[in-house]
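Going by UniProt numbering, the first sequence opens with residue 1, and the numbers climb by one from there. Quick reminder that beta carbons are idealized off the backbone N, C-alpha and C, glycines included. First up is the structure itself, then whatever we jot down about it.
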Amino acid sequence: MPELVVRTALAETLVPWYRAAARELPWRAPGFGAWGVLVSEFMLQQTPVSRVIPHLEAWLERWPTPAALAADAPAEAVRQWANLGYPRRALWLHRAAVEIRDRHAGVVPRDVDALLALTGIGDYTARAVAVFAYGDRHPVVDTNTRRVIARAVHARAQPGAPSRRDLADMDGLLPADDEAAAVMNAATMELGAVVCTARSPRCGECPIRDACAWVASGSPATPDVRRRQARYEGSDRQARGAVLRALRESGPLPQEAVIPDWPDARQRDRAIATLVSDGLIEPEDGLLQLPRG
DNA sequence: AAGGCGTGGTC
DNA sequence: TGACCAAGCCT
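Have a look at this one:
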């Protein structure tokens, strides 16, 4: 029963390791606040910790509350987002701030279903906020957690395709106590981030190595179902990124003056059209600009 | 439900 | 060098 072995190891070995070795990250500071946690989780969606930290601090200095962000135009959020990537997260974070102001009196909700109803918040982010900001007991499952469970419990080198089963897996590993469960969620993510990594896991430094089903079975290669990322060079995504960068840095521009030297004019026009459709840019008096809201 | 969606660092 | 990877979400 690898689950019981792993559960015991998480409680007795992983959590003490985490208490001693956890990185000091801004959102782990006592009293960081639910808004700060929520903003950090938006930024951390597919973006590394090291790139997020400076942007997070600037963001919270400018907009210390959801209402402060909601009072500005979405254009300001997209511009402040700068080069963090996936700029629709900036748009969605702004929308979520408006929804928090209008539906929750400006207070980040604590209830998972209320969080899930906010724009840009899914299974991971909703539970991360409920657990790390409010201390409630929920399974928090991100890519790190999925990898740790795949190896330690299921003896696989890599996780399978994401599924609701992941939440049940993690829930079964958590202790009953709210506070202890929150720490275990964080510790599991930390282990996946710094030890049980995707490419070269540091099994020699792993606090739960003795309980790991994958190590016990000889660390075999197993079927890999991960999605391959499409090539970026020459892609529509690259064109969209170039368009948005130009509008962020040079203000409103005529369509023909946005990335005028782009090698593929049809791709440029397609990028502009999909950005408009996504609400990331808008045409106004013959000029393209960031959304004024 | 499979694919689209940025950007930069690493090996 | 190019492919992989990074605290996902939406349609």
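Under the Cβ criterion (8 Å, minimum of three pairs), the segment 169-180 does not count as touching the segment 113-121. In the DSSP assignment, L14 forms no beta bridge with any residue. Between R248 and L275, the CB-CB gap reaches or exceeds 7 Å. Shown here, L118 sits in coil according to DSSP, grouped into three states, outside any helix or strand. Runs of the alpha helix (DSSP H) spanning 4 or more residues and lying entirely within the segment 138-163 occur at 143-152, in chain order.
In this structure P74 is buried. Its beta-carbon is surrounded by 16 or more other beta-carbon atoms within 10 angstroms. For E282, the pairing in a beta bridge is given by DSSP as Q289.
Its chain contains V108 and V129 as the residues whose beta carbon lies nearer than 6 Å to that of L38, once the 5 sequence neighbours on both sides are disregarded; these appear in chain order.
Comparing alpha carbon positions, the residue from R95, G204, C206 and R147 closest to M170 is R147. In this structure V258 does not touch A273 by the C-beta definition: roughly 12 Å separates them, more than the 8 Å allowed. Note: P48 is not bridge-paired with any residue in the DSSP secondary-structure output. Judged by DSSP in its simplified three-state form, L253 adopts strand. For the segment 55-84, the continuous alpha helix (DSSP H) assignments of 4+ residues that do not extend past its boundaries occur at 66-70 and 74-81, in sequence order. Residue environment analysis places S163 among the exposed positions, since fewer than 16 neighbouring C-beta atoms fall within 10 angstroms of its C-beta. DSSP places H104 outside both helix and strand once states are collapsed to three, so it counts as coil. In this structure, G279 sits near P291, with a CB-CB distance shorter than 7 Å.
Counting only unbroken stretches of 4 or more residues, the alpha helix (DSSP H) elements lying wholly within the segment 199-270 are 213-216 and 236-250, in sequence order. DSSP, read as helix, strand or coil, puts R88 in helix. Distance from the CA atom of A20 to the CA atom of Q255, rounded to whole angstroms, is 55 Å. Separation of P159 and R237 (C-alpha to C-alpha, rounded to the nearest whole angstrom) is 27 Å.
Exposure of G218 is indicated by the presence of fewer than 16 other C-beta atoms within 10 angstroms of its C-beta. Closest in alpha carbon position to G36, among R23, I53 and P48, is I53. Membership of L167 in the alpha helix (DSSP H) is indicated by the continuous run R165 to L173. Here Y18 has V183, A186, A187, E190 and L191 as same chain residues with Cβ atoms under 8 Å from its own Cβ, once five neighbours each way along the sequence are excluded.
In this structure, the beta-carbon distance from R89 to F42 falls below 7 Å. Inclusion of A97 and A70 in the CB contact set at 7 Å is warranted, their separation being smaller than that value. DSSP, reduced to helix, strand and coil, places P2 within a helical segment of the structure shown. Rounded to the nearest whole angstrom, the CA to CA distance from V112 to G122 is 10 Å. Looking at the backbone, the Cα of P263 and that of E282 are separated by about 23 Å. Linking D136 to A22 through their CA atoms gives a straight-line distance of about 20 Å.
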